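Below you'll find the structure, written out as structure tokens, and then a few comments.
In structure tokens:
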């Protein structure tokens, strides 16, 4: 029997208990032993809930119990998660977590402790909810050198952009609706400003390129400036707008990573990833294009990923599973030197000037927006683009990156 | 150093050597040891090719060399692959294969030998080329009970159907073009009749439901009867036609599996899987919907999947990786009892009769096809459907399954 302690009985924590209870037979078979939830840690009480009998309020009871083999951290946030997880690993207990903030901030150190102790620190559920992208990069695409990872990594903002594109509503209206539906939190900053996606692309990039990406160094732009007018142009261009976390390894071994809204075309497999779904696109030097799609969040999909890690930990209680993540910091190329195309909206009176500055850019005009027009630039570095856009000053109404 | 012998220097075999050479540094790092191709077995000679020096014509040299740790079988076909692989396993050598015919036909026995010997028989590349779907089902979705697997599992037919839908050409024209491009073989039977997809859905279903699916028991219908007219109706209905391998586990623990062309709608994540791409959709009782997309065939994507298995075998040379595939045959529900909807084309003069037989089915007429009309049935068992369709006799011009 493998004894598990679940830290935090919130959405994911209660989901983990539910998955283990519902599928216990097949899970035990795959783990090779019975998986038993021995403790649930939470500050609250849950009178009448089946976990009442195994609920503890004091973490010391868990970390000091030699029968606990696996600690499942699903509290979220860096503290006290970090302190608890570190103690568990130092006590020789395997840890599975869904906590992207913890992994992005302290993952390096925690993986190192796990390696030294021949145990595991697993975090499949930290990126992409139910999409098993971490194990795919770590254990399946081992014959490949990955040169691009691009994902729709945040379900809340994907839902909001989808609603804006299909129903033409304003950002604020959609945000309120998302909050009412429970898709967005009361303080939506982490989602709409891209901070959540930033931590996820930092984790995925660190795994994909085996160099450490510090999330604090990643340029991050949210979706708060996106308007229904942007969506109208996107539709006219046969495109849509998605918040992407994207990173690339260049041939000179430099990398870049960023989070920003992008106009993407119908040819992209990410184009039809709608609603609260997430997807991660990966390009490998041998594999070519691949994409992994699924529920980006939600109680049970995320819990399913955590339980997948519990099964893996159960099979490798005293063997460290190789994680392709090392401590060498990635050489990030300055964003100014990163090339791409841009969608730009300008005041109608600046159309001729814009054509001059942007080398005969082809103007698109919409009947319903008579006071402006828009265009897509040729490929240029962001430095060049900013210099050119500056010449147009406040005649520029909006600029959004374009992904080919 | 881990010594590998590659059986067969055709498309996939030469790809495996190329992947190992190109990415040797990262592959060795992930395998924890140097991966060395010690032998290549082929009946032919390859004068001037770098493998010339390690080429052997006699399999005994490989199987009797105690230095060979991993045998890579990429010859295709059941024999002599089966004899070679069995000998390798009995000699204690791990085996990685891309051979779906071998896995579908003999996989059960070969996995059993590997288990007894504490070695591995790995076959990631046998389904979906570069898509790492086998390891995902086997090692990631272990917290879930999967109840549906549906895939576009054959690149050749997906390319052909895509061309038929976008360019309106006839089956024969598209087949010739596919053959000229090297996408279809001179004898295209295995692809266009669905036999290839049948073996793949048998393998995926056996893994997903941990019951053995015999490919010989799976109803298989190819794409040879699909016409440009079918595609015109599909477009009118906002749908497209794809060859799907699909299986389901029902709540009463019966299963079904089939390969057939289906009309699928825009809401399906499989709708926009075009060209030679493959994709596998999986539904889990906790995970919900997930989809995995990538190159379905091709030298390097398939070779990349084989090399991923080589790395895994190198890390588990003397430890059997649990495979969720057992020998209990699946209880297949007779096809007659499987429910679904059907798209039916009838002669225009039979429209009223068809409405009567199919309970006020709504008729769709296309201007360009004045002598016929079509409709989609309500949900009914295939037995019911056949009985009804029989009443219309030769007034039925075409019938294709519909997937919701």
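Protein chains in written order, with the working numbering: chain L, 1 to 404; chain W, 1001 to 1404. We treat Cβ as the ideally placed atom computed from N, Cα and C, and that holds for glycine. The model shown is predicted, which means the values in this text are computed figures rather than measured ones.
Grab me the residues of residue i's own chain with a C-beta within less than 6 Å of its C-beta, minus the 5 sequence neighbours each way, in chain order.
| i | result |
| --- | --- |
| residue 42(L) | 9 |
| residue 2(L) | 33, 35, 69 and 314 |
| residue 1438(W) | What the structure shows of chain W is the stretch from 1001 to 1404, and residue 1438(W) is not part of that stretch, so it cannot be assessed. |
| residue 224(L) | 192 |
Are the C-beta of residue i and some C-beta of chain L separated by less than 7 Å?
| i | result |
| --- | --- |
| residue 1237(W) | no |
| residue 1290(W) | yes |
| residue 1135(W) | yes |
| residue 1037(W) | no |
Hey, how far is the Cα of residue i from the Cα of residue j?
| i | j | result |
| --- | --- | --- |
| residue 331(L) | residue 1173(W) | 51 Å |
| residue 230(L) | residue 1236(W) | 30 Å |
| residue 1106(W) | residue 1097(W) | 12 Å |
| residue 1219(W) | residue 1088(W) | 33 Å |
| residue 1221(W) | residue 291(L) | 28 Å |
| residue 1011(W) | residue 1039(W) | 17 Å |
| residue 401(L) | residue 263(L) | 6 Å |
| residue 1240(W) | residue 1265(W) | 7 Å |
| residue 1366(W) | residue 1193(W) | 29 Å |
| residue 1285(W) | residue 1316(W) | 31 Å |
| residue 363(L) | residue 390(L) | 19 Å |
| residue 227(L) | residue 347(L) | 16 Å |
| residue 191(L) | residue 15(L) | 22 Å |
| residue 1125(W) | residue 354(L) | 51 Å |
| residue 302(L) | residue 1287(W) | 8 Å |
| residue 257(L) | residue 1114(W) | 43 Å |
| residue 300(L) | residue 1075(W) | 42 Å |
| residue 47(L) | residue 25(L) | 27 Å |
| residue 329(L) | residue 214(L) | 8 Å |
| residue 150(L) | residue 116(L) | 32 Å |
| residue 60(L) | residue 7(L) | 12 Å |
| residue 67(L) | residue 123(L) | 22 Å |
| residue 361(L) | residue 1160(W) | 37 Å |
| residue 1148(W) | residue 140(L) | 22 Å |
| residue 1037(W) | residue 1053(W) | 11 Å |
| residue 166(L) | residue 356(L) | 34 Å |
Beta-carbon of residue i versus every beta-carbon of chain W: anything under 7 Å?
| i | result |
| --- | --- |
| residue 132(L) | yes |
| residue 287(L) | yes |
| residue 140(L) | yes |
| residue 115(L) | no |
| residue 294(L) | yes |
| residue 401(L) | no |
| residue 244(L) | no |
| residue 6(L) | no |
| residue 118(L) | no |
| residue 206(L) | no |
| residue 26(L) | yes |
| residue 19(L) | yes |
| residue 332(L) | no |
So, for residue i: in the same chain, excluding its five sequence neighbours on each side, which residues have a beta-carbon less than 8 Å away from its beta-carbon?
| i | result |
| --- | --- |
| residue 188(L) | 156, 175, 178 and 179 |
| residue 1325(W) | 1107, 1108, 1111, 1206, 1207, 1210 and 1212 |
Apart from the five residues on each side of it in sequence, which residues of its chain come closer than 7 Å, Cβ to Cβ, to residue i?
| i | result |
| --- | --- |
| residue 1337(W) | 1381 and 1383 |
| residue 1027(W) | 1020, 1035, 1307 and 1311 |
| residue 1197(W) | 1153, 1154, 1243, 1245 and 1259 |
| residue 51(L) | 9, 17 and 40 |
| residue 1199(W) | 1100, 1101, 1104 and 1215 |
| residue 375(L) | 344, 354, 358, 361, 362, 363 and 364 |
| residue 323(L) | 111 and 138 |
### Query
Which runs of the alpha helix (DSSP H) fall wholly inside the region 1206-1291 of chain W and span at least 4 residues, in chain order?
1228-1236
- Compile a chain-ordered list of the residues in the region 1302-1324 of chain W whose CB is closer than 8 Å to at least one CB of chain L. 1303, 1304, 1305, 1306, 1307, 1308, 1310, 1311, 1312, 1315, 1322 and 1324
### Entirely enclosed alpha helix (DSSP H) segments - the region 1079-1126 of chain W, minimum 4 residues
As far as the region 1079-1126 of chain W is concerned, its whole alpha helix (DSSP H) runs of at least 4 residues are 1081-1090 and 1100-1116.
Mind pulling the alpha helix (DSSP H) runs of 4 or more residues that sit fully within the region 154-188 of chain L? 155-167 and 171-180
Report the residues of the region 1250-1272 of chain W with a CB closer than 7 Å to any CB of chain L, ordered along the chain. Interface annotation for the region 1250-1272 of chain W against chain L: 1269 and 1272, criterion Cβ-Cβ distance under 7 Å.
(message) Restricting to runs no shorter than 4 residues, where is the alpha helix (DSSP H) found entirely within the region 362-396 of chain L?
(response) 382-392
query: Along the region 140-155 of chain L, what residues have a CB closer than 9 Å to any CB found in chain W?
result: 140, 141, 142, 143, 144 and 145
Which full runs of the alpha helix (DSSP H) of 4+ residues lie inside the region 15-46 of chain L, going along the chain?
-> 24-31
Worksheet item: If contact means a Cβ-Cβ distance below 8 Å, which residues of the region 83-112 of chain L contact chain W?
Response: none
message: Short of 9 Å Cβ to Cβ, which residues in the region 1030-1056 of chain W face chain L?
response: Answer set for the region 1030-1056 of chain W: 1030, 1031 and 1032.
- Message: Any C-beta of chain W within less than 8 Å: which residues of the region 57-68 of chain L qualify?
- Response: none
Proximal residues, the region 1157-1171 of chain W versus chain L, C-beta separation under 9 Å
none
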